[in-house]
Amino acid sequence: MPVSRETFESQVLELLGRLQGVARRLTRNDTDAEDLVAETVARAWRALDTLEHEAAFRGWIFRILNNAFLDECRRRGARPLLEPLDCEEPEGDDEQFSIFEQMHQPFLLWFSTPEQQFLDKLLREDLERALATLPECYRIVVILSDLEEFSYAEIAETLAVPVGTVRSRLARARSALQKILWQQAREIGLAAKAPAGQDWGDDGSAPRRTTERSKKGKVT
Amino acid sequence: MTKHEIDCEQALDQLVEFIDHELPGGKHDALQRHLHTCKSCFSRFEFERRLKEKLGTLREAEVPSGTSERIKKLLKSF
């Protein structure tokens, strides 16, 4: 059953904030994000007869947004990490990075462990910065899964890749994201792989940021 | 360990799908039982679940007024 003009408009307006949010994270720029959303809506309207039913609207329009973003990158001559092969780990380098494994100390109660304290201290800006640093093909799967709560099947449809690829790419993306978060945390002195029984020193040697976190203390 | 139980290695292999609610019922239940009895895996899964939850808070629903006006005008032009 074709989707009416009224349904198209109401769906676009309902999803507008989320389209803008995803576009901003892809383009890393508010103006480019607005242009991308406008281009997406225009393309979607022109392709409306390819949408078979209203229930598929969300995946359909996010797929158009992703394709419009890739086209714009190509038009500008930029070469982001777009292709699946660019996102594969080099052979033999399949090790998953885990902050938990870096910080976990057995024999402590789970809610008072260094890794849980690390999460408590993580600020929105830390996560935004780490997400923005991820290569595009990793960033999009994290955005669709963790922010937009798409199922694997919906992500697969949106990115035109098999579900198995979504699963493996998500695992790699989360590993890469944790690696970035870990590096950021070490740079600002939020985390350190302290030897057993030792704490991160209070000698002022680690750079500190002036945020509300510095009032809360740090995590070892 | 019965045939319905899993070990830590199997649990970690299923971590991503578990926290994404993509694990089929039987596997999900077996993993859930493992987490009830394994403190180490429970701590790891709890960490991953909370990190995913924190990422979810970045989701935006508000639209800048300029964008909203532009898209409404665009929709009227169709």
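Order-wise, the sequence lines are chains A and B.
For reference, each letter of the first sequence is one residue, going 5 to 224 in our numbering.
For reference, each letter of the second sequence is one residue, going 347 to 424 in our numbering.
Virtual Cβ for every residue (Gly too), placed ideally from N, Cα, C.
For chain B, the residues of the region 117-129 of chain A that bring a beta carbon within less than 8 Å of one of its beta carbons are Thr117, Glu119, Gln120, Leu123, Leu126, Arg128, in chain order. If you ignore the 5 residues before and after Leu30 of chain A, its C-beta comes within less than 6 Å of the C-beta of Phe73, all in its own chain and listed in chain order. Secondary structure note for His374 of chain B: its alpha helix (DSSP H) is the uninterrupted segment 371-383. In the structure shown, Gln360 of chain B falls within a coil segment according to DSSP collapsed to helix, strand and coil. Taking a C-beta cut-off of 9 Å against chain A, the contacting residues of the region 366-392 of chain B are Asp366, His367, Glu368, Lys385, Ser386, Phe388, Ser389, Arg390, Glu392, listed in chain order. Scanning A:His57, A:Ser179, A:Leu20, A:Glu161 for the CA closest to the CA of Thr413 of chain B turns up A:Leu20. Annotation for Phe364 of chain B: Leu377 place their beta carbon closer than 6 Å to its own, counting only its chain and skipping 5 residues before and after.
In this structure, Ile159 of chain A places its C-beta atom within 8 Å of the C-beta atom of Val170 of chain A. When 7 Å is used as the limit between beta carbons, Trp64 of chain A is near no residue of chain B, the shortest such separation being about 17 Å.
Nearest in C-alpha terms to Ala175 of chain A, of all of A:Arg143, A:Glu153, A:Gln100, A:Glu105, is A:Gln100. For Ile144 of chain A, the three-state secondary structure derived from DSSP is helix.
Counting only Cβ-Cβ distances below 8 Å, Leu20 of chain A has contacts in chain B at Val409, Thr413, Ser414, Ile417, in chain order. In this structure, Asn70 of chain A and Ile144 of chain A form a Cβ contact; the two beta carbons are roughly 6 Å apart against a cut-off of 8 Å. Ser149 of chain A reaches chain B at Asp366, counting residues in chain order whose Cβ is nearer than 7 Å. Neighbourhood of Phe73 of chain A in chain B, by CB distance below 7 Å: empty, with the nearest CB roughly 16 Å away.
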